[in-house]
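Please read the structure below before turning to the comments.
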Ligand code: ADP
Ligand code: MG
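In this note's numbering, the protein residues as written are 1139 to 1531.
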């Protein structure tokens, strides 16, 4: 689960990670009072969407910049009115962009230098890793590619947590001295504690900055949480913004289905994440494009299968469906019954290819054959993929 910058910064403050003062506004009626609460100009007006690259983004009406420096209050109001309700396209949003529904007004900071700081889980070492660079405010992928020596990594042993010497080592590598050094060590230590205690999967501060006054501040904040740990963080779940999520993915989560929307035209309904991945691969292999990843899980019910079909079919790009089930725990006939019920309920008009194998497969195939519906049956994955690719061509 992702949260907005203004929400992430509220968490930062709670953990003692300094940020420039800011006030969010959820409607134009709140703009004036938000700015008054901030005090004197200059301000930075920031569009709140769950995607980075806002500063370099462009709105669909041609207005440039989702993050704007404003010298006066009236300039800030003007920018906020241009951003609010407008759709921002950045390198991370895709062409459709994201509608801005919250504006975050912040005090402009006096930037001496920009740095990069992130905490995430390193899957190779199974350890938390703190990644930092002296090159902030730019794309970190580019830095990693062109000047890898400017990126520093600290691996944390999860059994003992971040050690004081590690935070100092990182601050030293980044070239901090004096007050900056002390403040950077404190910030790194506090940010790590936040990452750990909130079960965050990633915290990214780009840029982290220094000011002439000796401060080290988080100017931007991107935080995402491990969905599997949300059950123990009710206060974080409350920060969820459904406007930022795919409506199909929200619906899927209600039925405990793992669904990710993609941009192809062949919908997949599969049990098990590994099989779902290989199903997408084989569709690609035969020249097709998957419209989604969908794992109905090991023990899906007829209701879940019906819900999965409904969700798949709300995607207007879908031109055909491939059901690929391996009945291990799953009874193939349960799937077949769900598929037939869903196809009837929804008056399915697009091609449907079903490949069933495993537990109770004969009964499952019988249910499909006797349904009277136009369902193409397949024996192997290759056969199934070739059939659906041909049918949507
Ligand atoms: P994004 O990464 O989505 O483009 P940022 O919050 O990083 O958004 O803002 C883009 C740039 O705007 C930053 O790299 C920084 O140079 C500038 N900026 C952002 N917030 C402030 C601020 N409070 N004061 C001064 N400059 C800012
Ligand atoms: Mg940024």
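Just so it is clear, CB atoms sit at the ideal spot from N, CA and C, and this is done for glycine as well.
Problem set entry | Nearest-angstrom beta carbon gap, residue 1296 and residue 1265 [assumed within contact, 8 Å] | Locating residue 1265 in the chain shown gives position 127, counting from the first residue. Locating residue 1296 in the chain shown gives position 158, counting from the first residue. Yes, residue 1265 and residue 1296 are in contact; Cβ-Cβ is about 6 Å, under 8 Å.
For this session: Going by DSSP, name the residue or residues bridged to residue 1513.
Result: As a position in the chain shown, residue 1513 is number 375, starting the count at 1. Paired residue(s): none; residue 1513 is not in a bridge.
For this session: Report the residue from 1203, 1251, 1260, 1270 whose alpha carbon sits nearest the alpha carbon of residue 1238.
Result: Residue numbering aside, residue 1238 sits at position 100 when the chain shown is read from its first letter. The candidate whose alpha carbon is nearest that of residue 1238 is 1203.
For this session: Give the secondary structure of residue 1375 by DSSP, where H, G and I count as helix, E and B as strand, and everything else as coil.
Result: One-based indexing of the chain shown puts residue 1375 at position 237. Secondary structure at residue 1375: helix, using DSSP grouped into helix, strand and coil.
For this session: Report yes if the C-beta of residue 1320 is less than 8 Å from at least one heavy atom of ligand 1; otherwise report no.
Result: The residue you call residue 1320 lines up with position 182 of the chain shown. Checking the Cβ of residue 1320 against ligand 1 gives no.
Exercise. How about residue 1344: is its Cβ closer than 8 Å to a heavy atom in ligand 2?
Worked result: Looking up residue 1344 in the chain shown gives position 206. Yes; taking the cut-off as 8 Å, the Cβ of residue 1344 has a heavy atom of ligand 2 nearer than that.
For this session: Would you kindly work out how many angstroms separate the C-alpha atoms of residue 1525 and residue 1519, rounded to a whole number?
Result: What you label residue 1525 is simply residue 387 of the chain shown in a count that begins at 1. What you label residue 1519 is simply residue 381 of the chain shown in a count that begins at 1. Taking C-alpha positions only, residue 1525 is separated from residue 1519 by approximately 10 Å.
Exercise. How would the residue list near ligand 1 read, in chain order, if you kept each one whose beta-carbon is closer than 5 Å to any heavy atom?
Worked result: Around ligand 1, the residues selected by a Cβ distance under 5 Å to any of its heavy atoms are 1158, 1182, 1190, 1192, 1193, 1205, 1244, 1246, 1247, 1275, 1345, 1357, 1358, following chain order.
For this session: Could you tell me the boundaries of the beta strand (DSSP E) in which residue 1227 lies?
Result: Locating residue 1227 in the chain shown gives position 89, counting from the first residue. Element bounds for residue 1227: 1225-1227.
Exercise. Quick one: Cα of residue 1325 to Cα of residue 1424, how far?
Worked result: One-based indexing of the chain shown puts residue 1325 at position 187. One-based indexing of the chain shown puts residue 1424 at position 286. Approximately 51 Å between the Cα atoms of the pair.
Exercise. Taking C-beta to C-beta, are residue 1227 and residue 1205 nearer than 9 Å?
Worked result: Working through the chain shown from its first residue, we reach residue 1227 at position 89. Working through the chain shown from its first residue, we reach residue 1205 at position 67. Against a cut-off of 9 Å, the Cβ pair of residue 1205 and residue 1227 comes out as no contact.
For this session: Taking 8 Å as the threshold, find out whether the segment 1246-1259 comes into contact with the segment 1271-1289 through three or more Cβ pairs.
Result: yes
Problem set entry | Inter-residue Cα distance where the pair is residue 1397 and residue 1444 | Within the chain shown, residue 1397 is the residue found at index 259, counting from 1. Within the chain shown, residue 1444 is the residue found at index 306, counting from 1. Each residue's Cα considered, the two are about 14 Å apart.
Exercise. Among the residues of its own chain, which have a CB less than 6 Å from the CB of residue 1193, if the five just before and after it don't count?
Worked result: Numbered from its first residue, the chain shown carries residue 1193 at position 55. If the five residues before and after residue 1193 are omitted, its C-beta is found closer than 6 Å to the C-beta atoms of 1205, all from its own chain and listed in chain order.
Exercise. Around the C-beta of residue 1462, are 16 or more other C-beta atoms found within 10 angstroms, so that it is buried, or is it exposed?
Worked result: If you number the chain shown from 1, residue 1462 lands on position 324. With 16 or more Cβ atoms within 10 Å of its Cβ, residue 1462 is classed as buried.
For this session: Specify whether the segment 1425-1432 and the segment 1390-1406 touch according to this definition: at least 3 beta carbon pairs, one from each stretch, less than 8 Å apart.
Result: yes
Exercise. Exposed or buried, which one is residue 1415 when buried takes at least 16 other CB atoms within 10 Å?
Worked result: By one-based count along the chain shown, residue 1415 stands at place 277. Result: exposed.
For this session: Give the single residue among 1492, 1395, 1478, 1207 whose Cα lies nearest to the Cα of residue 1508.
Result: By one-based count along the chain shown, residue 1508 stands at place 370. The shortest Cα separation from residue 1508 among 1492, 1395, 1478, 1207 belongs to 1478.
For this session: Pick out whichever of 1356, 1511, 1303, 1514 has its Cα sitting closest to the Cα of residue 1329.
Result: One-based indexing of the chain shown puts residue 1329 at position 191. Of 1356, 1511, 1303, 1514, the residue nearest in Cα terms is 1356.
Problem set entry | DSSP-derived helix/strand/coil call for residue 1443 | In the chain shown, counting from the first residue as 1, residue 1443 sits at position 305. Residue state, collapsed to three classes: helix.
Problem set entry | Beta bridge counterpart(s) of residue 1406 as assigned by DSSP | What you label residue 1406 is simply residue 268 of the chain shown in a count that begins at 1. According to DSSP, residue 1406 bridges with 1460.
Exercise. Should residue 1141 go down as buried or exposed, given a rule of 16 or more other Cβ atoms within 10 Å for buried?
Worked result: As a working note, residue 1141 is residue 3 in the chain shown. Its Cβ being crowded by 16 or more others within 10 Å, residue 1141 is buried.
Exercise. Going along the chain, which residues of its own chain have a beta-carbon closer than 6 Å to the beta-carbon of residue 1476, five neighbours each way excluded?
Worked result: The residue given as residue 1476 occupies position 338 in the chain shown. Correct list, in chain order: 1440, 1443, 1444.
For this session: Along the alpha helix (DSSP H) that carries residue 1278, what are the first and last residues, could you check?
Result: Translated into positions along the chain shown, residue 1278 becomes position 140. In the DSSP annotation of this structure, the continuous segment of the alpha helix (DSSP H) that includes residue 1278 starts and ends at 1278-1284.
For this session: Please report the residue range of the alpha helix (DSSP H) in which residue 1340 lies.
Result: Sequence index remark: in the chain shown, residue 1340 carries index 202 (1-based). Unbroken run through residue 1340 is the beta strand (DSSP E), 1338-1348; no alpha helix (DSSP H).
Exercise. How do the segment 1164-1175 and the segment 1376-1386 stand: do at least 3 beta-carbon pairs fall below 8 Å, yes or no?
Worked result: no
For this session: Just the C-alpha distance for residue 1420 and residue 1309, rounded to the nearest angstrom, thanks.
Result: The sequence position of residue 1420 within the chain shown is 282, counting from 1. The sequence position of residue 1309 within the chain shown is 171, counting from 1. When the Cα atoms are used, residue 1420 and residue 1309 turn out to be separated by approximately 47 Å.
Problem set entry | Three-way DSSP call (helix, strand, coil) for residue 1469 in this model | Start at 1 with the first residue of the chain shown, and residue 1469 comes out as number 331. Coil.
Exercise. Excluding sequence positions up to five away, which residues of its chain have a Cβ less than 7 Å from the Cβ of residue 1317?
Worked result: In the chain shown, residue 1317 corresponds to position 179, counting from 1. Take residue 1317, set aside five residues on each side of it, and the residues of its chain with a beta-carbon closer than 7 Å to its own are 1352, in chain order.
Exercise. When the Cα of residue 1268 is compared with those of 1241, 1311, 1454, which residue comes out closest?
Worked result: On the chain shown, position 130 is the one that residue 1268 refers to. Distance from the Cα of residue 1268 is smallest, within the candidate group 1241, 1311, 1454, for 1311.
For this session: With a cut-off of 8 Å on the beta carbons, I'd call residue 1222 and residue 1186 a contact; round off their distance for me.
Result: Numbered from 1 along the chain shown, position 84 holds the residue referred to as residue 1222. Numbered from 1 along the chain shown, position 48 holds the residue referred to as residue 1186. Not really, about 10 Å apart at Cβ, beyond 8 Å.
For this session: Using a Cβ cut-off of 9 Å (strictly closer), state whether residue 1251 contacts chain C.
Result: Absent here is chain C; the protein component of the structure consists of one chain.
Problem set entry | Sheet register partners of residue 1271 (DSSP bridge) | The residue you call residue 1271 lines up with position 133 of the chain shown. Note: residue 1271 sits in a beta bridge opposite 1254, 1289.
Problem set entry | Counterpart residues of residue 1398 in DSSP-defined beta bridges | What you label residue 1398 is simply residue 260 of the chain shown in a count that begins at 1. 1431.
For this session: Find out if the Cβ-Cβ distance for the pair residue 1234, residue 1191 is shorter than 9 Å.
Result: Taking the first residue of the chain shown as 1, we reach residue 1234 at position 96. Taking the first residue of the chain shown as 1, we reach residue 1191 at position 53. No.
Exercise. Between residue 1322 and residue 1148, what straight-line distance do the alpha-carbon atoms span, to the nearest angstrom?
Worked result: Within the chain shown, residue 1322 is the residue found at index 184, counting from 1. Within the chain shown, residue 1148 is the residue found at index 10, counting from 1. If I take the Cα positions, the gap works out to 19 Å.
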